[in-house]
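Asker: Below are the structure tokens for one structure; questions will follow.
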Amino acid sequence: MLVEVFEDAEHRWSSCINGSSDSTRYTLTSSGNNIVVKVSKLQQPLIDDIRDAIDPPSSSAGLRENGSATLLFEYRANPIESITSRCAFGWIATTQFCISSIERRLPWQEAEAECNRLGGHLMSIRSSEDQQLTDQLLFNSPAYKDDNAYWIGASDLIVEGDFRWNDKYAFTYSNWFPGWVHQENYNRQPNDDGLSGQDCVEIRRHFQIASSSGQTTPTVSPLTLSYMWNDRNCDARNYFLCERMMDEELPERLWNESECNVTVTLSVERTKATIWSPGFPQQYPDSVDCYTLVQAPSGYRVVLDFEEMVLENEPLCSYDYLQLVEPDVTGPYEPSKSAKDFSSTVLFRFRNSRHSSRYNVQHRRKSTKTGSNSPGIGRTSGNGNGDVVSDTDARNNLNFNVPSIVLQPSDSRYTSSLPLPELSLGSVPRKICGDWSSKLKLLRYVTTGPSLGLRFVSDYSNNYGGYKARISMENVTSECHDERFKAYNNSCYLIISYPDVDWTTAQQICRGIGAQLASISTTDEQRFITSNIRNSIDYTPRSLYWVGGEITDNGNLEWVDGVKLLFEGWLPGQRPEKSETTKVPACLGLQWKVSPTPMISSGLHWTAQKCSMIGGYVCKKARPRLDETMVKNQTLSGTEGHLLSPGYPNPYPAQTDFWIRIVAPEHRRIIIQFQKLDLEHQDECLYDYISIQNYPILPNARGGYSGPGGEGGIAAPLAEYFPSNGSSAKFRMAPKEHNSPQSGSSTDAKKTSAYPDNYFSRDNHTQAGARFQRRIRYVSSSATGSEYATSDQDNTAEREAAASLHPTTLLNDPLLQFNELTPSFLPYVRWCGTHDSNMARFNFISTGNEAIVRFHSDFSISGTGFSATWSTVDMTGCPLQTITSKEGSIRSPNYPYFLLNNIDCTYVIQAPFGRRVWLEFLLTDLTQDATLLVDIADGPFEPFADLSHVNDGVFVSKGERLVVRLKTGASPRGNGFHAIFKTLAHVNEQRFITLSNKTTGMLYSLNYPEAMPYDVDYTQHLIAPLGEVILLELYGVGFSQHGCHQTGFIEIYDNYTDSNGTLWHLCEHHPITGKPSTTVESETIKISNGAEHHYSSTHGAAKLRQPAMASHTVTKPAPIYITSYLNTIHIRQRNANGTGIRLNATVRLQEDAGYKMKLISNTDEWVESCKPNPCQYGGKCISTGHKRGICQCYGHFTGRFCGLNICELEPCFFGKCELTPTSFKVSLPQHTCGVVV
């Protein structure tokens, strides 16, 4: 086997290998960034000749036997310090920046966004040296092709022809393609005419040349020697070059085993560092066991922030993991309560059984050679002061064989449907595994002392991307309680470099976070500010940074925070004269200045600029005391109030965590409604969030309101809601026994219930479900009766399904029937992100009279917070309310907004002896998961169960009591109901029923489907839209000739048929019995218009109770048809002597094409009643006595009902009538005289 390695023709290496060769290791280092490896399998004679040429035979090496050879290649990329400097892998260094070519094709704007994500921006080429370095980078790029083009950071998007760099660096250098000289500079750049949209700059080597006349084959363009500039449409997709600031310190590069056991020492001079997993950003190798010690000075603590964390996922993190331990954790470790709540205790094994035992032996042997007591630990490092000290003692305090908390991203307790476990675990040892890309901020670790130990372990298989983390230190005693601020003396400072703003906006932003633009009182303070500005990642020498100085009209400099001017930082001769400052308002900033004298160094000095210029800024505020930064927990009571995040509408502070307990009066539930949410977004709302849950927290968190002492009456400790073990099972809500003696008021409620005990039992599922599905007039529901079962088995299944629902799922799942105007009804919700529309979906409804609101913010990125209101809903009727008023109204809780979940409310209306209860539903909207029942004496029934029942919703009790019950499930939809009632000795009532254009249905007797009440005089006024007539088809009645034999009657009257109206007197038809025959299930009766009506025993009129005559032929009369003259008709139903006629009729509307002629031909303008107002087009109805009225019309309208305009009366013999703003005019044909009457 021949192995050849070469870079170019001059740098080659080769070796011949066969199975008899000794095992040999070769280490080759290339001079560039690419090599070629060629392996050839040759015939034996040729192998001998080649090997003799490479290595002449000797007497001691004469074996030529053929055998199998094995090759093992290992490679790694070694950084060339002069090129990479302090840049990460894949980046090369310029003067103060790192640049990299990104081989992804994106439009210019997206390329800029990707560079921003990487911590920089599209590259600025500022000089010929930068251009040469760019050429070298691209020529040696692994993805190099002649026709590749790369975006850079220049554009003329603002002003055509005025090219600028994204980083605002002066556009002093360019390398535009000059065009092809031999073709009179053809294709010279830039060549945008202002219309073609070529506003972004790319660099390329390939430029098109002009084709010759008559040329039939494409001309191949030559390549330029350098990458030259070209303006192009910004939507084109190119590779691109990114640029970012060079790291302050060289990252800890962990490339191989010998480099992975290190100590990182932080100091005042070196406050930050970066650590990586071995081989990062490539996948980490197998069988790694690396130790890292991070040491900060005394009085400081270590802050670890992860930028990437992708390891093998496993529930116990025993395959690949990163372990964090502080040195002071020694001896037997006792986990804290928060640690116990978060996870089970898991002991580390030194090596997992899956690891190679051979590697363990080698690793321990090598550790022994170092003289350290811990594996792989035993080097020396500087202490930050130039001294070399041994860190063996510090490492000896690290004990990795301790119980640790397992942090795993797929833990079910991170779901947004369950309360979060305690995430602040203090110094608890932990080990981390899995892909944390969407939850990186949760891994932030802040030590209690100045040291931190890290151990990274990988097993023998399955490699992933690894981790990258930033290490910094912070002073334990001088905190600003916000990592963005830097502390100096008694103040905290915030440096903002981007986005650039003017001075006034900068001051507003600073005030929004409780600060002011900074004042500078001493040389040391200025040195502190300028040093932090220069250390900012976005700092460039051209940048301007606003501070809080403002030059007044009289030329004096004043600080906006009121501090007296004690120090000035002008360079000699650069303080503006007073005459200059009075012309244009000037504000104070810091900018790089070249010193005019060697006594003062160049650097950031004071400068007076127009306040409208844009730049960064420096905010300053007093260092807060501990009690100032803590938002205290509080308890609110009452019936309504406001909830605001701290500082709203200004940004909320970082590292805030507090709760608000809301306590409403007894028999009330709490509704929390949000007006705005602006919190940092995270998919599961784990960073900044507001959460709400019921209080007391019950094991049955899904349970409904049952009043004090009911199911919700027993409080559970707050800690009981959180799992106390390490299992990954989701939290389940245990069912409760409804009939147990411990259930408090359940027995009493059962005694006072107006319904049979088994009404909602399993035996009634089919019947209840059928009724529920029929409710399609006012409601449309797919729920079944099983949702109302009280058995433990059914409820457990429902509760478990509810516990697994996420609020996000409820909002986004198209298969769920979710209305954006109704809440999710979850027992626990957690919200984040920015939302200001459709806010009803974030509403929270408590199950009792208490709720807990918790607000949490982490260490970075904030928004304006949240604004919400809370109110309470009276639950007096739940579970039972007895009403004895003479008249009044009842409403479902929270009507008319939305139904509440899990309620069971019973309203008992009790009349005095000898009186009855009249109940009329004005509006009923029960769309889903809700049941309404009425009991007039003989047991409960469900109204509104039939779409065709037009006059449903009015009931009269048989005795002194009427009961209404509303029961909802876990996720009801609808607004509820509103009904009025009164108690009557004699029932003589009227009801107005407004019919719509599409009304077709049935009219039944009062109390249908129950028996008719006795001694009732009940009139129903049917009112259709003007222009429609009402068609009635009545069954089982006939016209009376000699009265109805004192058994009651039905009257149909139409007041508009003539001046005195028309009345039809109907009596019950008594069927004639004929010869015996078979029972007729359905009979077809021809009606006047030729249609067929199917008169079935299971539908329509046959629903009414009929005499049993199964053995005889029943002669049924033909229906009676009555049509209204105009748009109203009236039905009076009178019962006498305890008997009456059942109303059984169909009603439908029909367009009345001649209704206007009826209004014109009839001189009468009276209307039958002013209730409701029959006048159209804003007309006013005036009562004239005798229950009649007249319409007072406005504008062009006139006649009965104000239903005609003036021109419809045809006042013109000739010409055309046209309406004017106040009257009408006649438009006549030419040469025609018109007569107006």
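Quick note: the sequence shown uses UniProt numbering, first residue 1, plus one each step.
Idealized CB from N, CA, C, for every residue including glycine.
#1: From this set, F6, S23, S40, T24, which residue's C-alpha is nearest S30's C-alpha?
#2: Give the C-beta separation of P651 and S862 to the nearest angstrom, bearing in mind that I take them to be a contact with Cβ-Cβ under 8 Å.
#3: Verify the contact flag: G569, CB atom, against every heavy atom of the ligand SAM, threshold strictly below 7 Å.
#4: Consult DSSP for T27 and reduce its assignment to one of helix, strand or coil.
#5: Give the list of continuous beta strand (DSSP E) stretches no shorter than 3 residues that lie fully inside the UniProt domain "CUB" (260-333).
#6: For M228, does the count of other Cβ atoms within 10 angstroms reach 16, so buried, or fall short, so exposed?
#7: Going by the CB atoms, is the gap between N187 and G179 shorter than 8 Å?
#8: Nearest-angstrom Cα distance between N1060 and H1196?
#9: Does the separation of the CB atoms of I99 and C242 fall below 8 Å?
#10: Would you decide whether F944 is buried or exposed? Buried here means 16 or more other CB atoms lie within 10 Å of its CB.
#11: Quick check on S58: buried or exposed, where buried means 16 or more other Cβ atoms within 10 Å of its Cβ?
#12: Looking at the structure shown, is W108 part of a helix, part of a strand, or coil, going by DSSP?
#13: If you drop the 5 nearest sequence neighbours on each side, which residues of the same chain put their C-beta closer than 8 Å to that of E887?
#14: Going by DSSP, which residues form a beta bridge with N475?
#15: Note down the Cα distance separating F1214 from S1227, rounded to an integer number of angstroms.
#16: Excluding sequence positions up to five away, which residues of its chain have a Cβ less than 6 Å from the Cβ of L962?
#17: Let me know if V873 comes out buried or exposed under the rule of 16 or more other beta-carbons within 10 Å of its beta-carbon.
#18: Sort out for me which residues DSSP pairs S957 with in a bridge.
#19: Tell whether a beta-carbon distance below 8 Å holds between D938 and V987.
#20: Quick check: is the beta carbon of D8 nearer than 8 Å to any beta carbon in chain D?
#21: Nearest to S1124 by alpha carbon, out of L566, H11, E1028?
#22: Assess contact between the segment 508-519 and the segment 461-478, defined as three or more Cβ pairs (one per stretch) separated by less than 8 Å. Is contact present?
#23: Considering just the uninterrupted stretch of the alpha helix (DSSP H) at I537, what are its terminal residues?
#24: Just to confirm the assignment, what range does the alpha helix (DSSP H) spanning D135 have?
#25: Would you check if the distance between the CB atom of C317 and the CB atom of Q408 is smaller than 8 Å?
#26: With distances taken Cα to Cα, identify the nearest neighbour of R1134 among L452, C1181, C1175, D1015.
#27: Give the C-beta separation of L304 and A469 to the nearest angstrom, bearing in mind that I take them to be a contact with Cβ-Cβ under 8 Å.
#28: Tell me which residue opens and which closes the beta strand (DSSP E) that I509 is part of.
#29: Can you name the start and end residues of the alpha helix (DSSP H) that S1161 belongs to?
#30: Name the one or two DSSP bridge partners that C492 has.
#31: Can you grab the Cα-Cα spacing for the pair R270 / V264, in whole Å?
#32: Rounded to the nearest angstrom, what separates K38 and E74 at their Cα positions?
#33: Quick one: give me the first and last residue of the beta strand (DSSP E) that S155 is part of.
#34: Just the C-alpha distance for L443 and R854, rounded to the nearest angstrom, thanks.
#35: Are the CB atoms of A170 and R542 within a distance shorter than 8 Å?
#36: The beta strand (DSSP E) spanning T924 covers which residue range?
Answerer: So, from the data block:
#1: F6
#2: 4 Å
#3: Judged by which ligands are present, the structure shown has none, so any question about the ligand SAM falls away.
#4: coil
#5: 262-265, 272-276, 289-295, 300-310, 321-325
#6: buried
#7: yes
#8: 29 Å
#9: yes
#10: buried
#11: Legend: pLDDT at S58 = 43, less than 50; position of this residue unreliable, value from coordinates given subsequently. Exposed, because fewer than 16 other Cβ atoms sit within 10 Å of the Cβ of S58.
#12: helix
#13: I980, F981, K982, T983
#14: Y300
#15: 9 Å
#16: I909, V917, L919, I936
#17: buried
#18: None, per the DSSP bridge assignment.
#19: no
#20: The structure shown contains no chain D; it is built from a single protein chain.
#21: E1028
#22: no
#23: No alpha helix (DSSP H) contains I537, which DSSP labels as neither H nor E.
#24: 128-139
#25: yes
#26: D1015
#27: 6 Å
#28: That residue, I509, is in no beta strand (DSSP E); its alpha helix (DSSP H) goes 503-512.
#29: 1155-1161
#30: A487, K621
#31: 10 Å
#32: 15 Å
#33: 149-155
#34: 21 Å
#35: yes
#36: 916-925
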